[in-house]
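Each residue of the sequence shown is one higher than the last, beginning at 1146 in the numbering used here. Accompanying notes for the structure given below.
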Amino acid sequence: MFQEERLKFIVDYVTKNKKASTKELSELLSTSVVTIRADLKILQEKDLLVKTHGGVMINSYKINDVIPSNVKFQKFKREKAKIAELANRYISDGDILIIDSGSTTLELAKCITAENLTAFTNDLQIAIELSKKRNIDLTVSGGTLIPDVYTLTSYEAVNFYKHLHVEKLFLSCDAIDAEFGISNRDKREVEIKKAMLKAANEVILMADHSKMNNSVLLQVADFEDIDKLIADDIPADLRAVIQSKGVEIITE
């Protein structure tokens, strides 16, 4: 059985039975425990399964659900901090920029060193971090708060970004797929992201490895809409596709 077939079987089986042990899956699939552990690691990184003692259970925050910020912030913190440090290199004194809502972009807000910035964001936590910096002209786009994720959305906010013209956008996403492009779970966030994309001269996407070779409900952009992708790691097959679309990939 090929890996993709095993992964589908595991997700279907655990969804139906709520949980499963590594040994149980090994016997059902007639494959080694080592192989099953590798498969489970992939599914955990895609937020489909949660590790338990001796096995896995279905993730209560399924792949097309909005994941609360307190869950996002605990995942891959070291990787997100690395991505943020790389992204910070592309911010210069006096820049006019948008920082999109997200756990990785929040790490960027924490480590910004440039001064005399003009910044726009739709994220309350990012706004708080930016307010601590020196000489930042900060605007928070208003709207209705999405519970648990600190993001503000509204028709007025979408319209606000449609009338902006900035130098750089630091964009977040939920998934990146070779065929589907960049996608997001929450339709309320997608419209704002699309407006942000049109407002920026340069679009810099920030994403950790768990977003790679994955897709969720709603497409945000094609690769042609992105100038740079900053990540901790990207599978070779996906890297080749993205680079063929003219995107600069930065991992170090």
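No residue lacks a Cβ here, since even glycine has one placed at the ideal position from N, Cα and C.
Under 8 Å, do residue i and residue j count as touching if we go by C-beta distance?
i            : j            : result
residue 1392 : residue 1337 : no
residue 1146 : residue 1173 : no
residue 1194 : residue 1181 : no
residue 1258 : residue 1225 : no
residue 1241 : residue 1263 : yes
residue 1275 : residue 1283 : yes
residue 1310 : residue 1344 : yes
Applying the 10 Å Cβ sphere with the 16-neighbour rule, what's the burial state of residue i?
i            : result
residue 1287 : exposed
residue 1339 : buried
residue 1234 : exposed
residue 1239 : exposed
residue 1186 : exposed
residue 1381 : exposed
residue 1192 : buried
residue 1236 : buried
residue 1267 : buried
residue 1148 : exposed
residue 1196 : exposed
residue 1295 : buried
residue 1179 : exposed
residue 1320 : buried
From this set, the options, which residue's C-alpha is nearest residue i's C-alpha?
i            : options                   : result
residue 1177 : 1189, 1160, 1151 and 1197 : 1151
residue 1383 : 1359, 1365, 1397 and 1371 : 1359
residue 1346 : 1362, 1373 and 1332       : 1373
residue 1390 : 1361, 1323 and 1377       : 1323
residue 1341 : 1371, 1321, 1357 and 1170 : 1371
residue 1368 : 1222, 1312, 1394 and 1246 : 1394
residue 1269 : 1246, 1332, 1277 and 1253 : 1246
residue 1190 : 1356, 1366, 1388 and 1386 : 1356
residue 1255 : 1265, 1278 and 1285       : 1278
The region 1348-1358 / the region 1309-1319 touching (three or more Cβ pairs under 8 Å):
yes
Whether or not the region 1226-1234 and the region 1319-1331 are in contact is what I'm after, with contact meaning three or more pairs of Cβ atoms, one per stretch, closer than 8 Å; do they touch?
no
Could you tell me which uninterrupted beta strand (DSSP E) segments, each at least 3 residues in length, are contained entirely in the region 1310-1393, listed from first to last along the chain?
1311-1316, 1320-1322, 1326-1329, 1345-1351, 1363-1366 and 1373-1375
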